[in-house]
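Per the numbering used here, the sequence shown starts with residue -8, numbered consecutively.
Even for Gly, the Cβ is constructed at its ideal location relative to N, Cα and C.
This structure is a prediction, so every number in the text was calculated from the model and none was measured.
Right, one structure below, let's go through it.
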Amino acid sequence: TYEKDQINPNRKGKVSTLRRALSPLKGAKEEVKNLQNIYYGDYRFAVDANEAAFKQQIKEGYAIIHLAMHGLFDDKNPAYSSLAFSETPDTTDDNFFHTYEIAQSRTNAQLVVLSACETAIGEEQAGEGAMSIARYFIYAGVPATIATRWQVNDQTTAIIMGQFYQNLYNGMPVHKAMQQCPRGLLPLPMI
């Protein structure tokens, strides 16, 4: 989950500008805490939810990877679209997990849930679909992703994700679990 954190003073240029523009996602933190009540797993918050830690965890063979954070779509260069992990003092990683990095990753996860804005948008390419953040997880070996084509409210998304995971826990297949979420709560584009 992403919480407003300190800007690493060693960050310069676009990375620093992007980091400063991010707002805290209190709903995302609540969303992940609620998941802890249903599923056993490795849950990370604040500075523990950083890119380096995730790059190690993605290899560990989790069945489901749930990422509640900021999604940043770059329409000029989709390979630089990214997921924003929490900032750390370490300068090895910039804590933006870019799509080109996702494609180079390998995981055995059966489902990645991208509880983040605009993770399903991208330029449509024949035979490929949208070149979105979600698409790059397919290149990493994930057979199914859940993503959004718009900006979403983190408080509402927490409710939807809670219902979705409860449905999965009750034995529904992924597509039915999402379909059964209350229609009145489905995320709408933010204006």
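To the nearest angstrom, report how far apart K20 and V103 are at their CA atoms. As a working note, residue 20 is residue 29 in the sequence shown. As a working note, residue 103 is residue 112 in the sequence shown. Each residue's alpha carbon lies about 18 Å from the other.
Say whether the region 83 to 90 touches the region 16 to 36, bearing in mind that this needs 3 or more beta-carbon pairs closer than 8 Å, one atom from each stretch. no
Exposed or buried, which one is N41 when buried takes at least 16 other CB atoms within 10 Å? As a first step, residue 41 is located in the sequence shown; it is residue number 50 there, counting from the start. It counts as buried.
So what does DSSP say about A55, is it helix, strand or coil? Counted from its first residue, the sequence shown places residue 55 at position 64. Looking at the sequence provided, one finds Ile at residue 55 rather than Ala. Three-state DSSP puts I55 in a strand.
Look at the alpha carbon of L179 and the alpha carbon of T147, and state the distance between them as a whole number of angstroms. Here the question's residue 179 lines up with position 188 in the sequence shown. Here the question's residue 147 lines up with position 156 in the sequence shown. In this predicted model, L179 has a pLDDT of only 43, less than 50, meaning its place in the structure is not dependable enough to derive any value.
Looking at the structure shown, is G132 part of a helix, part of a strand, or coil, going by DSSP? On the sequence shown, position 141 is the one that residue 132 refers to. Correct three-state label for G132: coil.
Please name the residue or residues paired with S106 in a DSSP beta bridge. In the sequence shown, counting from the first residue as 1, residue 106 sits at position 115. BP columns for S106 point to A59.
Within a Cβ cutoff of 7 Å, which residues of the same chain sit near H166, ignoring the five residues on either side of it in sequence? Counted from its first residue, the sequence shown places residue 166 at position 175. For H166, where only same-chain residues beyond five positions count, there are no Cβ hits under 7 Å.
Please report how far the alpha carbon of T136 lies from the alpha carbon of R97, in whole angstroms. Walking along the sequence shown from the start, residue 136 turns up at place 145. Walking along the sequence shown from the start, residue 97 turns up at place 106. Answer to the nearest angstrom: the Cα atoms are 15 Å apart.
Start and end residues, alpha helix (DSSP H) containing L26: For the purposes of this step, residue 26 is identified with residue 35 of the sequence shown, where counting begins at 1. 17 to 27 is the extent of the alpha helix (DSSP H) around L26.
Please go through the same chain and pick out, in chain order, the residues whose beta-carbon is closer than 6 Å to the beta-carbon of N184, but skip the five residues on each side of it. This structure gives no information on residue 184, because the portion of the chain shown stretches from -8 to 182.
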